[in-house]
Every structure is written in C-alpha cells, then in structure tokens.
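This report concerns only the one structure given below.
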Ligand code: NDP
C-alpha cells in the first residue's frame with residue numbers, strides 16, 4: 062500500500078524542507094487509541110513524577126534550541142532570531158506549567174459552610190484523557206505549546222496536528238518528548254492536511270480540542286466536536302488596537318507599534334493592526350512612526366508571508382485602504398510575494414476590510430481621535446477581541462483604558478508583553494474565540510473539576526436528606542437560615 066505524502070516548503074525559497082505522510086482517519090484514530098492508553102499511565106504517575114518528566118523535556122528542548130530554531134526558520138521563513146525567541150517563550154511556559162500544576166489542580170479542602178458543618182469537602186482537577194491540539198503555522202512552537210504543555214501538565218495525553226505548512230517542527234517536538242517519556246506515546250504528532258485535523262476533532266475519544274486558526278475553521282471544528290459533545294478551546298486571531306494617549310512617550314510608543322505590527326511579517330494573532338492616536342499628539346507620533354518605518358525592511362527585519370494564499374488577502378486590504386485613505390509608508394507596490402514591505406495608511410474608513418478583517422500582514426491603519434475615550438470606542442467596535450495595547454504616561458488612565466478594552470489581554474507601555482508572562486491567561490472574546498491557554502486558567506482548561514463531600518458525623522436533630530425528617534428539624538433549619546441569611550448586612 063502506498064502512503065500519500067505532502068511536502069513542507071521553505072516559503073522564502075520554495076525548497077522542500079521535508080516530506081510527511083498524509084495521515085487519514087484510520088491513522089488518526091489509531092493514534093488516539095494509543096493516546097488513550099498512554100493517558101491512563103500518565104495520569105497514574107501523579108503530579109510529582111509528571112513535573113519531573115516535563116522539566117526534563119524542557120531541558121531537552123533547550124539543548125535542541127538551535128536545531129529547532131533552524132527548522133522553524135526553514136518552514137516559516139521567519140528570521141532565526143525570531144524563531145529562537147518563540148521557542149524560548151514556549152520553554153518558559155512549559156516550565157511554569159510543570160511547576161504549578163500540582164498547586165493549581167491538586168486536591169485541596171474547601172470550606173463547607175455552616176449548613177454543611179458535619180461535612181468535609183475536597184476539590185481537585187482531574188485529567189480529561191486525550192487532548193487534540195490543532196495548531197497554526199505562524200508560531201508553530203509557541204502557540205501549540207500553550208496548549209500542549211498545559212494539557213500534559215494537567216495529566217492528559219496529547220495528539221497534535223500541526224499546520225500542513227509546519228509539520229516538521231510539530232513532529233520534532235513530539236519526537237523529543239519521547240526522550241523524556243520513552244515508556245508510552247503520551248505526546249504524538251499526526252501530519253496531514255485539513256482532513257487530518259477534521260478526523261482528530263471527530264474522534265469521540267478526544268476529551269477536548271484546542272484549536273488555533275481562523276474563525277471560519279474554528280466553526281467547522283466546533284460543528285464536528287458537537288457530534289460528540291467534545292468541548293473546544295478556540296483561539297481565532299484578532300484585529301488588535303493600539304491606543305496612543307495624550308501624555309505617552311511617543312518615541313517608545315512608535316517603536317513598539319512598529320515592532321508589534323511588522324515583526325513576523327504581521328502574522329501574529331496579537332499583532333498590532335489598528336492604531337488610534339489622540340489629536341494632541343497625532344503629528345508627533347506620526348513623525349516618530351514614519352521615520353522608523355522607512356528603516357524596516359522585509360527579508361531583512363522579518364521574513365516572507367508563510368502561507369501563499371494570504372498574499373491576496375493582504376493585497377486586497379492594501380488596495381482598498383490606499384484608495385480611500387492617505388498613504389504614510391509603502392502602498393500597493395509593497396506586495397512583492399512572498400515578501401510584503403511595511404505599509405501604513407491613515408484615515409481609512411472604519412468599515413473597510415483593512416479595519417474590520419484580520420489582515421495578517423505587515424500593515425497598519427492609523428486614525429486620529431478626539432480623545433482616549435473615542436479611541437477606546439473605536440478599538441472596541443470590532444467583532445474580534447483578542448489583545449491590545451495602551452501607551453500612556455498616566456498610569457491610572459492607562460489601567461482604566463486597559464480594563465475597558467473588550468479583549469482578553471491588554472499590554473500597557475509595551476506590546477504583546479502579556480504573552481511572555483506564563484501566569485497570565487491567553488485567549489479572546491467574540492470572533493477571537495473562547496477558553497484560555499496559559500496560567501492557572503490554562504491548566505484548568507484541560508482538566509475537569511472533581512468535587513467530593515464526605516459526612517464526618519451525623520448532625521444531631523438535623524437529618525434533612527431523609528424520609529425520617531420531621532417538622533422540628535425543618536423548624537430548626539428555618540431558624541438557622543434566618544440567623545445566617547435573614548438580616549440585611551452591610
Ligand atoms: P485555518 O484556520 O484554516 O487552519 C488552522 C489549523 O486548522 C491548521 O492546522 C489546519 O490544517 C487545520 N484545519 C483546517 N481545516 C480543518 C478542519 N476542517 N478540521 C480540523 N482542522 C482543520 O487557518 P489557515 O492556516 O488557513 O490561515 C487562515 C487565516 O487564519 C489566516 O489568514 C489568519 O487570519 C488566521 N490565522 C490565525 C492564527 C492565530 O494565531 N489565531 C494562526 C493562523 C491563521 P492545515 O494547515 O493542514 O490546513
């Protein structure tokens with residue numbers, strides 16, 4: 062029998078980086094079956110042993126840092142330095158998940174309250190079994206590891222379907238895990254195209270699916286999961302806003318804005334796409350921004366567009382924006398596939414595709430606003446709600462704007478800084494998806510709460526859950542509840 066294969070290509074050169082099997086439903090189901098057995102063993106190891114294995118895996122990844130960065134560079138086209146940075150971030154998340162799983166998920170006693178005085182109650186978070194991770198190509202280590210590390214630390218086995226554009230790095234992450242956990246296939250990668258991911262989502266033995274990609278595909282994955290009532294975590298990208306307030310440090314704001322928008326060729330789910338600048342500092346900020354933008358170059362400071370089909374979307378957004386808006390940097394000629402030079406356009410109507418749809422390219426739209434309040438309203442007028450940024454010299458106002466931004470995460474006076482803090486949950490609202498990876502919420506996302514109550518002694522004269530209950534017991538209960546809850550408290 063011949064196995065169908067597909068190639069992963071270097072998007073900068075078109076060279077074949079690797080050839081991988083197109084694993085169909087049978088192969089995926091076999092992998093899930095192996096994972097289900099491995100999951101029972103892994104769960105049985107307990108927190109302490111899993112922590113030690115995961116810290117060992119972290120050390121293995123660290124020792125292979127250069128090799129892995131090289132592979133990410135080849136499969137995505139991003140500079141080796143950027144690949145290194147994303148792997149370092151993934152390593153810090155793996156470390157945090159391993160060290161904190163017991164504290165967050167382990168068994169603990171909880172208070173039972175006055176009416177449950179005769180009870181002892183415990184809460185713990187148990188593994189789901191097999192977690193299916195469907196990953197993207199833009200950060201092929203950092204993003205899926207946000208699910209993989211936390212799912213493994215919570216005691217699950219993982220079957221990982223990397224994007225068809227970055228299968229090699231996905232396979233390598235799983236191979237290296239076997240150096241630390243050789244006994245059972247606790248972490249496997251399955252390769253293929255969309256139908257491989259679809260088979261994973263449709264397998265009834267998968268306890269949860271962690272998906273990263275487009276909103277449209279998330280809906281398809283969710284529909285497949287609905288058949289088996291399989292829950293999902295959906296991270297579907299965004300249209301992040303960057304607000305520059307009146308007393309912001311304009312040089313720092315411009316520097317951060319440019320990097321947040323153009324690094325990784327703008328292919329970042331929490332990348333800067335819309336910039337709102339208050340009137341008082343508009344000219345000053347634009348001077349700082351445009352001066353810096355002329356020095357940033359595709360193929361030098363960042364790589365090519367990884368997914369060839371994305372170039373047409375970027376071109377459409379730029380063509381439309383430059384027809385109605387005013388060009389600051391670049392323009393329609395900036396698109397020279399597979400590279401796109403930085404494009405900045407001002408005064409683009411808020412209902413145009415460049416403002417409404419995820420561009421996923423090195424482009425931004427900039428708009429002048431009356432004040433920070435108007436900037437926030439425009440920032441929030443998006444179907445997406447993943448991340449965002451506020452630059453302000455006023456710490457109180459910055460915090461207030463950040464809290465009122467309708468997103469899962471906001472960075473103040475820095476860009477994307479929340480992604481590097483393992484204790485902070487990561488995820489969005491609206492079309493950006495739901496559920497959280499990273500932090501304590503990310504660990505709990507891949508576990509089920511288990512609640513246990515144990516009667517320590519029979520409460521004299523208060524056996525309420527029995528057919529022997531009499532009127533006097535009910536009377537005692539009413540008196541107790543009136544004492545506890547019947548008074549107006551301040
Ligand atoms: P998709 O949403 O199509 O793909 C994401 C992942 O889902 C890939 O691993 C893909 O596999 C897999 N997949 C595709 N179809 C199915 C299916 N029916 N069932 C299960 N899994 C499936 O994103 P694209 O890579 O095509 O990128 C399109 C757009 O998504 C981008 O333009 C960007 O706007 C957004 N995006 C957002 C990301 C984020 O970080 N949130 C990351 C990547 C993209 P395969 O690659 O093999 O098709």
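Numbering (the working numbering), first residue to last: 62 to 551. Every residue, glycine too, gets a C-beta built ideally from N, C-alpha and C.
Contact test: residue i Cβ vs ligand 1 heavy atom, cutoff 7 Å
i: residue 197; result: yes
i: residue 230; result: no
i: residue 377; result: no
i: residue 259; result: yes
i: residue 262; result: yes
i: residue 297; result: yes
i: residue 487; result: no
i: residue 255; result: yes
i: residue 150; result: no
i: residue 383; result: no
i: residue 226; result: yes
i: residue 222; result: yes
i: residue 304; result: no
i: residue 249; result: no
i: residue 468; result: no
i: residue 112; result: no
i: residue 173; result: no
i: residue 342; result: no
i: residue 419; result: yes
i: residue 274; result: yes
i: residue 278; result: yes
i: residue 497; result: no
i: residue 374; result: yes
CA-to-CA distance, residue j to residue i, given in whole angstroms
i: residue 134; j: residue 148; result: 11 Å
i: residue 428; j: residue 100; result: 51 Å
i: residue 313; j: residue 326; result: 20 Å
i: residue 295; j: residue 329; result: 16 Å
i: residue 411; j: residue 441; result: 12 Å
i: residue 529; j: residue 519; result: 14 Å
i: residue 445; j: residue 369; result: 24 Å
i: residue 367; j: residue 138; result: 7 Å
i: residue 433; j: residue 455; result: 12 Å
i: residue 79; j: residue 235; result: 16 Å
i: residue 378; j: residue 409; result: 11 Å
i: residue 129; j: residue 116; result: 18 Å
i: residue 36; j: residue 248; result: Any property of residue 36 remains undetermined from this structure, which presents the chain solely from 62 to 551.
i: residue 163; j: residue 373; result: 47 Å
i: residue 543; j: residue 536; result: 11 Å
i: residue 503; j: residue 489; result: 13 Å
i: residue 336; j: residue 388; result: 14 Å
i: residue 340; j: residue 304; result: 12 Å
i: residue 477; j: residue 487; result: 11 Å
Other residues of its chain near residue i: CB distance less than 6 Å, five sequence neighbours each side excluded
i: residue 102; result: 245
i: residue 400; result: 359, 360, 365
i: residue 208; result: 194, 271, 498
i: residue 403; result: 323, 354, 357, 390, 391, 423
i: residue 417; result: none
i: residue 203; result: 147, 150, 151
i: residue 473; result: 451, 459, 463
8 Å contact criterion, which residue i and residue j should meet: CB distance rounded
i: residue 231; j: residue 201; result: 7 Å
i: residue 497; j: residue 306; result: Residue 497 to residue 306, Cβ: 28 Å. No contact.
i: residue 507; j: residue 282; result: With 8 Å as the limit, residue 507 and residue 282 do not qualify as a contact, their Cβ atoms being about 17 Å apart.
i: residue 350; j: residue 405; result: 7 Å
i: residue 159; j: residue 112; result: 5 Å
i: residue 453; j: residue 308; result: 6 Å
i: residue 75; j: residue 190; result: Contact doesn't hold; Cβ gap of about 41 Å is too wide.
i: residue 471; j: residue 451; result: 6 Å
Spatial neighbours of residue i in its chain, beta-carbon cut-off 7 Å, leaving aside the 5 residues before and after
i: residue 121; result: 237, 240, 241
i: residue 123; result: 152
i: residue 475; result: 317
i: residue 467; result: 441, 446, 490
i: residue 413; result: 381, 382, 385
i: residue 108; result: 162, 163, 167
Close Cβ partners of residue i (< 8 Å) along its chain, the five nearest in sequence each way excluded
i: residue 153; result: 481, 483
i: residue 251; result: 84, 88, 89, 92, 220, 221, 222, 257, 261
i: residue 254; result: 67, 83, 225
i: residue 199; result: 137, 325, 328, 329, 330, 367, 421
i: residue 345; result: 311
Proximity test, Cβ basis, 8 Å: residue i and chain C
i: residue 221; result: Going by chain labels, chain C is absent from the structure shown, which holds only one protein chain.
Practice item. Mind listing, in chain order, the continuous alpha helix (DSSP H) runs of no fewer than 4 residues lying wholly within the segment 194-275? Key: 203-214, 228-241, 255-263
Check your understanding: Which full runs of the beta strand (DSSP E) of 3+ residues lie inside the segment 486-548, going along the chain?
Key -> Counting only unbroken stretches of 3 or more residues, the beta strand (DSSP E) elements lying wholly within the segment 486-548 are 508-516, in sequence order.
Check your understanding: Which full runs of the beta strand (DSSP E) of 3+ residues lie inside the segment 446-485, going along the chain?
Key -> If one requires a minimum length of 3 residues, the beta strand (DSSP E) runs lying completely within the segment 446-485 are 449-452, in chain order.
Practice item. Can you check the segment 317-368 for any alpha helix (DSSP H) of at least 4 residues that lies completely inside it and give the ranges in chain order? Key: 343-354
Practice item. Return the chain-ordered ranges of every beta strand (DSSP E) run that is complete within the segment 382-416 and spans a minimum of 3 residues. Key: 387-390, 404-407
Review point. Considering only residues of the segment 87-165, which uninterrupted alpha helix (DSSP H) runs meet the minimum length of 4 residues and lie entirely inside it, listed in chain order?
Key: 126-137, all fully within the segment 87-165.
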